Ligand SMILES: NC(=O)c1ccc[n+]([C@@H]2O[C@H](COP(=O)([O-])OP(=O)(O)OC[C@H]3O[C@@H](n4cnc5c(N)ncnc54)[C@H](OP(=O)(O)O)[C@@H]3O)[C@@H](O)[C@H]2O)c1
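Structure below.
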C-alpha cells in the first residue's frame, strides 16, 4: 500500500520504520521541509515530503502529531488520498503537559471526534494507547499467546477492515473499539490506555471505561 504519514516523531517515525519494513511505500512528513527527514528517509527508504503532499494518492493516511497542532494542518490536507482511504489518527490530549486547554474536549467531545472535526473527515482511533517502544519492538505473529491488542474505533466498513489488517500486519491484535463516538473508551486515563492487554483483557477494559476524565487528564 501507499501510506502517507503526517508526523515523524516517536510514533510517526516508528510506523515509518515498521511499515517500510513490511514493504509498504511510505511518504512521511513533519512540520518542516522534507530535507529535515533525510536521515529517516535514508534509513527506511521512505520518501520525505511536505505535509501538504503526504496524503496524495495514499491508500491509507496516518496523522500522528501533538493534539494542539492539529488545527495547524492545512484545510483538506488528507483530501488527496484515494477515495475511501482510511485516515488513522494516533493523538492524545494532554492538557497539562503539552496541549493546553481545548474547550470542546473539556466539554465532553471525544478527542478523536475533535480531530475528525478539525480535519473535516472521519478518522479511526488506533495506536494512541501503546508506548512507541512497544509499538516498535513487541509485535508478534497472530496466534501468539498474550499478543498485545490494540482497540480500533471508527465507522464499520471496508476502511475499518483495512485498519484491522494493518494492525495485524504490525504484529498486534486488532479489537473493535466501536464507532468514533465510542472512542473515549480508549483515551488517556481509561482502563485500557497504556496497558498492553491481550484481546480479552482489552475488551474487558473497554467495557469498564468511564466517560469522566481523571483530574490529571483535564485542563488545570
Ligand atoms: N510517544 C508515544 O509513545 C505515544 C504513544 C501513543 C500515542 N502518542 C500520541 O501520538 C501523537 C504523536 O506523538 P509522538 O510521541 O510521536 O510526538 P513527537 O515525537 O513529539 O513527534 C511529533 C511529530 O509531529 C510533527 N508535527 C508537529 N506539528 C506538525 C504539523 N503542524 N504538521 C506536520 N507535522 C507536525 C513533528 O514535526 P517537527 O519535528 O517538525 O516539529 C514531529 O515529527 C501525540 O498526539 C501523542 O500523544 C504518543
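Residue numbers (the working numbering): 38 to 257.
Just so it is clear, CB atoms sit at the ideal spot from N, CA and C, and this is done for glycine as well.
Everything numeric in this text was worked out from a predicted model, so none of it was measured.
Confirm the yes/no value for this check: CB of residue i, any heavy atom of ligand 1, distance under 7 Å.
i, result
"residue 101", "yes"
"residue 127", "yes"
"residue 221", "no"
"residue 109", "yes"
"residue 169", "yes"
"residue 83", "no"
"residue 233", "no"
"residue 44", "yes"
"residue 48", "yes"
"residue 133", "no"
"residue 254", "no"
"residue 155", "no"
"residue 93", "no"
"residue 69", "yes"
"residue 224", "no"
"residue 117", "no"
"residue 209", "no"
"residue 78", "no"
"residue 89", "no"
"residue 66", "yes"
"residue 201", "no"
"residue 161", "no"
"residue 104", "yes"
So who's on the other strand from residue i, going by DSSP bridges?
i, result
"residue 188", "212"
"residue 239", "Answer is none; residue 239 lacks a bridge partner."
"residue 41", "64, 98"
"residue 125", "99, 161"
With DSSP as the reference, label residue i as helix, strand or coil.
i, result
"residue 83", "coil"
"residue 156", "helix"
"residue 61", "coil"
"residue 149", "helix"
"residue 110", "coil"
"residue 201", "helix"
"residue 55", "helix"
"residue 49", "helix"
"residue 207", "coil"
"residue 232", "coil"
At a threshold of 7 Å, does residue i count as lining ligand 2 (C-beta to nearest heavy atom)?
i, result
"residue 205", "Looking at this structure, you won't find ligand 2 anywhere; what it does contain is ligand 1."
Closer than 8 Å is the cut-off here; do at least three beta carbon pairs connect the segment 84-104 with the segment 126-139? yes
contact_flag[the segment 178-192, the segment 149-167] where n(CB pairs < 8 Å) is 3 or more: yes
Do the segment 72-82 and the segment 105-122 touch if we need at least three Cβ pairs shorter than 8 Å? no
Are at least three pairs of beta-carbons, each pair with one atom in the segment 84-98 and one in the segment 60-71, less than 8 Å apart? yes
Check whether the segment 203-213 touches the segment 131-141, taking contact to mean three or more Cβ pairs, one atom from each stretch, closer than 8 Å. no
Check whether the segment 143-157 and the segment 169-179 touch, using three or more Cβ-Cβ pairs below 8 Å as the test. no
Quick check: the segment 103-114 against the segment 49-60, are at least 3 beta-carbon pairs closer than 8 Å? no
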